[in-house]
Structures are given as C-alpha cells and as structure tokens.
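Take a look at the structure set out below.
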Amino acid sequence: MKVICVAGYKKTGKTTLVTRLVEALSEKGSVGTVKLMFHHRFNPGNTDTGKHFDAGAQGVVAITEDELVTIKRDPTLDDALDSLADMGMDFAIVEGAKSSSLPKIVLGEAAEKEDMSNVVARLPEKSDPDIGELVDLVLQQDDWVTLESLIRKVKSNPDIKFSGGIATFTGIVRQVTGETQTTALEFEKYADVAEKAMDKICTEMKQREGIIDVVMHHRTGLIKVGEDIVYIVVAAGHRKELFIALIDSLERLKEEVPIWKKEFTIDGDFWVHDKTEE
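Using the UniProt record's numbering, read the sequence shown as starting at 1 and increasing by one per residue.
Encoded structure:
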C-alpha cells in the first residue's frame, strides 16, 4: 500500500486536495484515508456506541446498512494504516500528521515554519496542482506492508485454486538472548539490491513442485522489542511441501539478502554480522 500525507495549516486546502487525490488514485486501485481529529470526538458520549465505550468497552464496532466503524482505545497512526493495509487498500492518504515520518505533500507556509521530515512536495495553499504529477509521486513511495496484506496478495493469485494451505512466518525483535537484553534493533539494506534478491528467492521457490506462491517483506529502520521484522507467506498444494518451502525461504533470506542489523541492548549497541533476524 502506497502512503502519502497531506499536511498544512487550517484552511490551506488540505481536504480539497485529499478528495482530488482520492478521485485520481481510485482509477488505479482502492483508496483509504485517515483523518487526524485530535480536537474532536468521533464517538460522542450521548450515542449508544459512545455509552458502550464510556462504560469501559475496549473496542466498539458499529454497523449500518452501508458502513462498519471500529472504535478502539489507545489509537495510533500506525494502527490506522495497518487497518487500511489489512483491508486490501492499494493507497492511503493521511490528512494531517505533520510530525510523522510519512512522505508529505505540504500546503502553504507549514513547510518552511515547521521542522517536518520527508517532505516530497511543497505547494501554495489552496493551489490547483497537476494531480497527475502528484499521483506519479505517490506511486514512487515505499509500500506499507502488513502480514494480512501479503496474505491477501497471495490469495489474489489466480492459481490459489490449486492451493490446500497457506503458511506464514513472522520474525519479531527478541528481548532476551542468553544474558543479553535487547531494547531495539535497527536494520539497513541496499534498497534495490535487497528487493531484487528477495524477488529472486520468491521466483525460484515458486518453481518448485506444488508451490503456488511465495512473498516476503523485511522492514528497515528502528524496530522495538516485540515488533515485527520480517514476513514470509507461502501457498502450496499440500502441507509437506508448504512447510519445507517456508523454512527454505527463510534460510535463503538470511543468507542471500543484503540486510544489516544494529542491536541496542541495556549494555550498549553494536552492529551484528548476521544479515537478518530469525
């Protein structure tokens, strides 16, 4: 899922630009949006769902004839984007989130007055930009990937009708290894080289008898204890070849993909020679 953030001060034309992007990107795939509403309450206390929430429900799901709305406590922007990716969105547009690390199209003076990261385009407020150019910009951004989005991708393979099962592997940041207590890991990779290496592994694994599809994704940047690092999804005709292919795909990822790991522990930090985390 490609993600773009539209940021700027109030009344700079953010919502208008978001709607234009939704219309244009909808011609290329499914689009989801996120609206930051920190000064509002979406689920007022005088509604039935609000009463459920205020009574202590950790999550509330409201269903109408045309809508399904999920309300949960302790929300984060990552949660919102994960939910859109899990739903199978091809694109996500976030209105707001100036302080996030997401790629941003910034309207008006905010780009100069605030210390924002990852600004990919600056536009005058209430401008009439070339939407085609902005769509091309969105298509250039990195993918936001979840395990569920990869499973959806595999299930969309026309040959999935020959599959009897799907197996997945999720690597997470381990906190305790022997006497070492890890607080976080940081991963770096040669972007194009690493992606080509993973594509090669997937292509070659799919040539095995009975293997329908193989996809994988490795995150980069700082990843905290318990968070996901790597996903591998394999679909196969039968379970025996399925689990063998899953293990072999992981071992090849470890050996062949140029990814480097820095480990942060309570005793200090250091680069690890292993190329990826199990």
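Glycine is no exception: its CB is placed at the ideal position from the N, C-alpha and C atoms.
Length of the line joining the Cα atoms of residue i and residue j
i: Q141; j: A92; result: 11 Å
i: V61; j: D74; result: 15 Å
i: G237; j: L253; result: 22 Å
i: E277; j: T265; result: Low per-residue confidence applies at E277: pLDDT is 44, beneath 50, and the placement is therefore not dependable, though the value from the model is reported in the following sentence. So the alpha carbons of these two residues sit roughly 15 Å apart.
i: V6; j: G96; result: 6 Å
i: residue 292; j: T16; result: Coverage of the chain is limited to positions 1 through 278, which leaves residue 292 absent and any answer about it impossible.
i: L81; j: F53; result: 22 Å
i: E114; j: R239; result: 54 Å
i: L139; j: E23; result: 15 Å
i: A57; j: T47; result: 14 Å
i: L25; j: V230; result: 28 Å
i: V18; j: I131; result: 11 Å
i: P129; j: D86; result: 31 Å
C-beta neighbour in chain C for residue i, strict 8 Å
i: Q175; result: The chain labelled as chain C is not found in the depicted structure, where only one protein chain is given.
Burial state of residue i, where buried means 16 or more other Cβ atoms lie within 10 Å
i: E263; result: buried
i: A191; result: exposed
i: T180; result: exposed
i: P103; result: buried
i: M37; result: exposed
i: K10; result: exposed
i: D269; result: exposed
i: G8; result: buried
i: T146; result: buried
i: K189; result: buried
i: K196; result: exposed
i: L185; result: buried
i: G171; result: buried
i: I247; result: exposed
Bridge partners - residue i, DSSP secondary structure assignment
i: L222; result: E186
i: T168; result: V233
i: A7; result: V106
i: A92; result: V3 and G32
i: V272; result: K261
i: D228; result: I172
Check whether residue i and residue j have beta carbons under 8 Å apart
i: R122; j: V135; result: no
i: I259; j: V234; result: no
i: F169; j: I223; result: no
i: S163; j: M205; result: no
i: V173; j: E251; result: no
i: H218; j: V154; result: no
i: G165; j: L242; result: yes
i: T12; j: E148; result: no
i: G88; j: T70; result: no
i: L84; j: G32; result: yes
i: L137; j: S100; result: no
i: V214; j: L150; result: no
Original post:
Enumerated in chain order, which unbroken segments of the alpha helix (DSSP H) with a length of 4 residues or greater are wholly contained in the region 176–219?
Top reply: 191–205
Original post:
Taking the runs of the beta strand (DSSP E) that are 3 residues or longer, which of them lie wholly in the region 97–160?
Top reply: 104–107 and 119–123
**OP:** Counting only runs of 4+ residues fully inside the region 8–88, write out the alpha helix (DSSP H) ranges in chain order.
**Re:** 14–25, 48–54 and 77–86
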